[in-house]
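Numbering-wise (the numbering used here), the sequence shown opens with residue 22 and increments by one. Read through the structure below, which is laid out as structure tokens, and then see the notes.
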Amino acid sequence: MDSVLVWQQDIWHKLMRNRAFRCHAVLLKGRKGIGKFTFARLMAKSLLCLSPDADNAACGKCTSCNWFEQHTHPNFRMLSPEALSAALNSQMDSTDDPKHEGDEQQQAATGKMKKKPGQQIGIDQIRGLNELVYLSGHQSSYKIVLIYPAETMNAAAANALLKKLEEPPEGTLFILVSHQSERLLPTIRSRCQQIAMPIPDTETANQWLMQKMQQQSGFQNVDKVSMLLALSGFSPLSALSLIDKIPQHQRFMEEIGSLQRFDPLALAETLQNQDLAVTIDWLQKWCYDMVSFHATGKVRYHPHLAVQIQAVCRQSNQQACVAYLHFLNTRQPLSRHPVNARLFLEEIFINYGKLLASATSSYPSLPVF
Ligand SMILES: [Zn+2]
22 MDSVLVWQQD
32 IWHKLMRNRA
42 FRCHAVLLKG
52 RKGIGKFTFA
62 RLMAKSLLCL
72 SPDADNAACG
82 KCTSCNWFEQ
92 HTHPNFRMLS
102 PEALSAALNS
112 QMDSTDDPKH
122 EGDEQQQAAT
132 GKMKKKPGQQ
142 IGIDQIRGLN
152 ELVYLSGHQS
162 SYKIVLIYPA
172 ETMNAAAANA
182 LLKKLEEPPE
192 GTLFILVSHQ
202 SERLLPTIRS
212 RCQQIAMPIP
222 DTETANQWLM
232 QKMQQQSGFQ
242 NVDKVSMLLA
252 LSGFSPLSAL
262 SLIDKIPQHQ
272 RFMEEIGSLQ
282 RFDPLALAET
292 LQNQDLAVTI
302 DWLQKWCYDM
312 VSFHATGKVR
322 YHPHLAVQIQ
332 AVCRQSNQQA
342 CVAYLHFLNT
352 RQPLSRHPVN
362 ARLFLEEIFI
372 NYGKLLASAT
382 SSYPSLPVF
């Protein structure tokens with residue numbers, strides 16, 4: 022299992038020193054990709070451990086630690102959207118299960134696709150906690166509920182959780198992890214001990230990612246590490262998850278970086294089976310850099326492609342870039358459940374094509390809602 026990340030050491034010692042919390046709930050908040058989830062699991066494992074060490078790290082050997090690693094601890098529950106749970110379990114076990122992809126292809130071939138997994142935490146998941154939190158748990162340790170990401174609770178689930186936080190069950194600690202804590206009910210936030218999770222400085226993030234790259238692939242590449250960090254908005258764990266996607270990302274950049282070769286319909290066809298949220302995220306970052314370059318002459322996410330950004334900026338006008346970025350922001354939430362992936366992308370890319378001609382032609386007003 023992972024250990025506490027180097028930039029989280031101080032907050033770990035402060036928070037875990039007394040192994041007691043001000044509230045019955047802790048909210049770990051901060052941007053995506055800085056290790057909040059890892060930290061939350063380490064907290065839970067340590068609090069349940071029968072023999073933690075002097076730094077409050079779980080021993081890794083006791084019955085409790087074994088149960089925790091096997092996902093069978095009777096005093097621990099993790100709530101996540103269904104769509105995320107399988108990926109998280111696979112990640113925590115550090116084993117990829119290639120069967121999933123094959124299963125999907127087989128189901129598509131036979132026309133028997135399963136219902137799409139849910140993107141929200143629902144009320145049934147909160148109700149399912151009753152047995153854990155209201156009946157006596159195993160031994161006398163904490164009962165811990167980890168909710169990740171907490172902002173994916175739907176309204177009914179959030180209200181059901183609020184009721185539990187208003188009359189907190191004895192001996193239970195809720196650990197909420199959130200990338201967008203402003204989306205949580207204020208009444209939930211106010212009942213939590215809120216922890217702003219630290220962000221590593223650039224040098225620390227560079228060193229960490231370099232080490233991970235060495236472990237994964239056996240080599241280090243300074244330029245690639247810098248590129249991945251910039252692309253992830255300097256969130257090292259997000260950067261690490263991008264390593265496998267570098268070739269696809271490079272091809273995508275080549276397509277959208279040239280007015281001459283940009284073909285919206287062909288690109289929509291090519292990318293219709295890729296995770297749409299990822300495609301929109303890449304395009305959002307690219308367009309953010311176009312807006313930034315128009316305004317300040319600087320780019321944030323693609324310093325290695327500044328020349329290409331400059332070129333597309335010459336072909337577009339600033340107001341059109343701002344309007345298009347706003348349009349993309351409204352499309353990101355829809356990317357999780359589009360009616361038709363190809364049509365969804367065609368609309369986005371056709372409008373991007375118009376953006377690339379907006380320096381010399383009028384740019385249409387886009388539907389935003
Ligand atoms: Zn232990």
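Beta carbons: idealized from backbone N, C-alpha and C, even for Gly. Remember, it's a predicted structure, so these values are computed and weren't measured experimentally.
According to DSSP, is residue i helix, strand or coil?
i, result
"Phe-97", "strand"
"Phe-42", "coil"
"Thr-381", "coil"
"Met-234", "helix"
"Asp-118", "Because Asp-118 carries a pLDDT of 36, less than 50, the predicted location of this residue cannot be relied on, and the following value inherits that uncertainty. It is coil, neither helix nor strand."
"Lys-164", "strand"
"Met-311", "helix"
"Met-174", "strand"
"Ile-220", "coil"
"Thr-131", "For Thr-131, the predicted model reports a pLDDT of 42, less than 50, meaning its position is unreliable and no value from the coordinates is stated."
"Ile-55", "coil"
"Leu-263", "helix"
Just to confirm my understanding: we take residue i, look at its own chain, exclude 5 residues before and 5 after, and list those with CB closer than 6 Å. What are they?
i, result
"Glu-125", "Note that Glu-125 has pLDDT 38, beneath the 50 cutoff, so the model's placement of it is unreliable and the number below is only indicative. So the list is empty, once near-sequence residues are dropped."
"Leu-100", "Ile-142, Gln-146 and Ile-168"
"Gly-132", "Legend: pLDDT at Gly-132 = 43, less than 50; position of this residue unreliable, no value from coordinates given."
"Leu-288", "Glu-276 and Phe-370"
In its own chain, which residues sit with a C-beta less than 8 Å from the C-beta of residue i, not counting the 5 before and 5 after it?
i, result
"Asp-74", "Cys-80"
"Leu-230", "Val-246, Leu-249, Leu-250, Pro-257, Ala-260 and Leu-261"
"Glu-187", "Arg-212"
When you compare only the Cα positions, how much space is there between residue i and residue j?
i, j, result
"Tyr-373", "Gly-318", "21 Å"
"Leu-364", "Arg-210", "39 Å"
"Gln-271", "Ala-341", "25 Å"
"Leu-280", "Asn-361", "26 Å"
"Leu-263", "Met-234", "11 Å"
"Lys-306", "Gln-201", "18 Å"
"Glu-103", "Gln-237", "28 Å"
"Leu-156", "Gly-192", "11 Å"
"Lys-35", "Phe-283", "52 Å"
"Leu-292", "Phe-42", "47 Å"
By Cβ distance, which residues of its chain are closer than 7 Å to residue i, with the 5 residues on each side in sequence left out?
i, result
"Lys-57", "Leu-49, Gly-51, Val-198 and Met-218"
"Val-27", "Thr-225 and Trp-229"
"Ile-165", "Ala-65, Leu-68, Leu-69, Asn-96, Phe-97, Leu-194 and Ile-196"
"Lys-53", "His-200, Ser-256 and Ser-259"
Decide if residue i is buried, meaning its Cβ has at least 16 other Cβ atoms within 10 Å, or exposed.
i, result
"Arg-352", "buried"
"Arg-62", "buried"
"Arg-98", "buried"
"Ile-267", "exposed"
"Glu-4", "Nothing can be reported for residue 4: it is not among the residues displayed for the chain, which extend from 22 to 390."
"Lys-185", "buried"
"Tyr-345", "buried"
Along the chain, where does the beta strand (DSSP E) containing residue i start, and where does it finish?
i, result
"Thr-193", "193–199"
"Ala-217", "214–217"
Starting from residue i, follow the alpha helix (DSSP H) in both directions and report where the run begins and ends.
i, result
"Phe-273", "267–277"
"Leu-206", "Where Leu-206 is concerned, there is no enclosing alpha helix (DSSP H), given that its DSSP letter is neither H nor E."
"Asn-79", "In the sequence under discussion, the amino acid at residue 79 is Ala, which differs from the Asn named in the question. Neither: Ala-79 is in no alpha helix (DSSP H) and is coded neither H nor E."
"Arg-363", "362–376"
"Asn-151", "151–155"
"Cys-334", "327–336"
"Cys-342", "339–352"
"Asp-145", "144–148"
Point to revise | By C-beta, the residues closer than 5 Å to any heavy atom of ligand 3, given in chain order | key: Judged by which ligands are present, ligand 3 is missing from the structure shown, whose ligands are ligand 1.
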